[in-house]
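Please read the structure below before turning to the comments.
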Ligand code: SF4
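The following block contains the structure:
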């Protein structure tokens, strides 16, 4: 089989079958008539981005996406090893697929992503209806793997790391939205004690700044992209090996005509430089929202997590960011109940929430991940205490958010509409502001389609989780008025 990390260059050839009038793709000795792929993605934005890439490659093999599992010729899972819930859901859904395979013997089933990276061989052995597993670094070889499966290569698992000199990819998107995720760095060198990512995604490697800029220019020019989210496990570490930086990249992207909004995720507080903070005040297109995961407000817990910063350092970053960009909105992740977390340590996290004034948070109860340092720690904290603390913390934060968002009433906010919503049986539209707040509004004409329009909305009600308002201006699909 050709290189695992890089797509094989042999190329597919397409022709139209005169008998059926259908397109057929020829690759190697095999013919691929039109087929359907059903794909389920678990986990983070990086996984969703990878799935998008996989679907884009599969188009070349004549696969189109279906939302009906029953109609699928190929079923793929893109898995997440970080959260317990995603893991449990995946195993249960994988188990159910055996019924689909019973009904359709030709069905091909594959599992990719973080779980496949570490446990692919075991999965293929254990689940008789699973044909192949593929790790996080071979997604660009998906067509080779599907080819192997259709060529009758039996059950297999591939989880090799891509060791080629450069991390170089072009963004692939299959949807028609003006938003795109652009992968700029992969892997992570941090080894936080609770996290499985360095084991499932490997060492950090960045794309070259010039390549990313060209990629985004093409997305804007040829695919109508207006909003990009720069993606990586630790984007703040971007470019180190090439003497480049995230701040430099953002300032270059800021110059691209037609691009309206730049976001980036995920950040590690240790790597937030003063230069990057300054960029939040300088770059006109950079989102006024930053998600900065703190995980805990306790110095001792942060030490056990190997996070390499203190609560004081984190709060200092918040202050500097607000000074550089007074309109910035901050959000965070919190892990509640890290091994042996004391009541005092938990209280320190509540104190940090008070001081940081986050606009929203994602909070989770700690769950050990096999193979990580924290999973080996002796832990005496009972699960019911963890659950109680999580509920308390979430309620506490909602109180903060309610106060923080009350003054939004009466303000006019610009929103990129991304879908419809139903509130108390009333049909509405919804979208996100530059600072990533969700806003719902009623259409001025019921039948009007606002999808991907830029609109100004006057906020009439602000709750701790979302805002509701009335549309005051519709700019259409382009702010420039095209
Ligand atoms: S920085 Fe993020 S991805 Fe890297 S080890 Fe820590 S939590 Fe995991």
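Numbering (the working numbering), first residue to last: 8 to 489.
Idealized CB from N, CA, C, for every residue including glycine.
Original post:
From residue 481 to residue 449, what does the alpha carbon distance come to, in whole angstroms?
Top reply: 13 Å
Subject >> the segment 348 to 361 in contact with the segment 301 to 315 per 3-pair CB rule at 8 Å >> reply: yes
Original post:
Is it right to say residue 244 is buried, meaning 16 or more other beta carbons lie within 10 angstroms of its own, or is it exposed?
Top reply: buried
Original post:
Quick one, are the C-beta atoms of residue 61 and residue 191 less than 8 Å apart?
Top reply: no
Subject >> Cβ contact (3+ pairs, closer than 8 Å) linking the segment 104 to 124 and the segment 220 to 228 >> reply: no
Original post:
residue 199: beta carbon under 7 Å from a heavy atom of the ligand SF4?
Top reply: yes
Original post:
How long is the line joining the alpha carbons of residue 8 and residue 201, rounded to whole angstroms?
Top reply: For residue 8, the predicted model reports a pLDDT of 36, less than 50, meaning its position is unreliable; a value from the coordinates is still stated below. Spanning the two alpha carbons is a distance of roughly 36 Å.
Subject >> Residue range of the alpha helix (DSSP H) that includes residue 363 >> reply: 350 to 363
Subject >> Collapsed DSSP secondary structure at residue 68 in the structure displayed >> reply: coil
**OP:** Confirm, please, whether the CB-CB distance from residue 64 to residue 147 is below 8 Å.
**Re:** yes
Original post:
When you compare only the Cα positions, how much space is there between residue 376 and residue 89?
Top reply: 7 Å
**OP:** With distances taken Cα to Cα, identify the nearest neighbour of residue 116 among 87, 76 and 68.
**Re:** 76
Subject >> Best match in 228, 197 and 232 for proximity to residue 242 [C-alpha to C-alpha] >> reply: 197
**OP:** Give every residue of the same chain whose Cβ lies closer than 8 Å to the Cβ of residue 46, excluding the five residues on either side of it in the sequence, and list them in chain order.
**Re:** 58, 61, 62, 72, 82, 83, 84 and 85
Subject >> Exposure of residue 170, with buried meaning 16 or more beta-carbon neighbours within 10 Å >> reply: exposed
Subject >> Stretch-stretch touch, CB-based, cutoff 8 Å, three pairs: the segment 444 to 464 with the segment 207 to 217 >> reply: no
Subject >> Cross-strand partners of residue 474 (DSSP beta bridge) >> reply: 446 and 469
**OP:** State yes or no: is the C-beta of residue 368 within less than 8 Å of the C-beta of residue 339?
**Re:** yes
**OP:** Indicate, with yes or no, if the ligand SF4 has a heavy atom lying under 7 Å from the CB of residue 241.
**Re:** yes
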